[in-house]
Every structure is written in C-alpha cells, then in structure tokens.
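Encoded as structure tokens, the structure appears first; notes follow it.
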Amino acid sequence: MAPQNARRLRRGQDWLLSCAEDPAAVLRAWAADQLAPFPSGVHWSVAEAPLAQSMEAVKRIGAAGRGPVLADVSAGRA
C-alpha cells in the first residue's frame with residue numbers, strides 16, 4: 599500500500615475508534631475479523647440502504663456535503 603494511502607487508512611481508523619464507546623473492544627473484534635458496534639447520533643447519522651443506490655446518492659451529494667460513508671460490499675449495504 600502506498601504511504602499516503604496507509605496514512606489515510608490509519609487516520610480513518612483512528613477517527614472511527616474515537617467514535618466507539620470501547621475502542622479496545624473494537625480493536626479486539628477487528629483482530630478477530632468481526633464487526634463492532636458504533637453508536638450513531640454523536641459523530642454521525644446513519645441510514646442503511648442498498649449499496650448501488652447509496653453510492654449513487656453519495657456521488658450526487660458530493661464530498662463537501664457529506665461525512666464518512668461506511669459500506670459493506672459483501673452484504674451489499676451502505
């Protein structure tokens with residue numbers, strides 16, 4: 599992975615961990631290749647929808663008007 603991409607990934611991971619109620623538990627879940635819960639409402643709002651429609655909406659909103667987007671490609675949801 600290119601150094602810039604690795605830094606970007608690390609910043610995203612650090613931000614996401616800062617949103618967790620128990621960051622250590624999240625790291626343990628990730629190490630076990632499991633999902634971990636994150637509360638909504640404080641750091642982000644949540645709407646779940648089919649992946650294809652979600653990505654179309656993300657393109658229309660544009661980078662300036664949105665925050666982080668979490669997608670699960672294997673489940674086809676975002």
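Count the sequence shown with this note's numbering and you get residues 599 to 676, in order. Glycine residues also receive a C-beta, built at the ideal position from the N, C-alpha and C atoms.
Apart from sequence neighbours up to five positions away, the residues of its chain that approach R675 with a beta-carbon distance below 8 Å are E646, A647, P648, L649, S652 and A669, ordered along the chain.
Taking 4 residues as the minimum length, the alpha helix (DSSP H) runs contained wholly in the stretch 610–634 are 621–629, in order along the chain.
For R664, the secondary structure class from DSSP, reduced to helix, strand or coil, is coil. The beta carbons of P666 and W642 sit closer together than 8 Å. Note that the stretch 634–641 touches the stretch 601–619; at least 3 beta-carbon pairs, one per stretch, sit closer than 8 Å.
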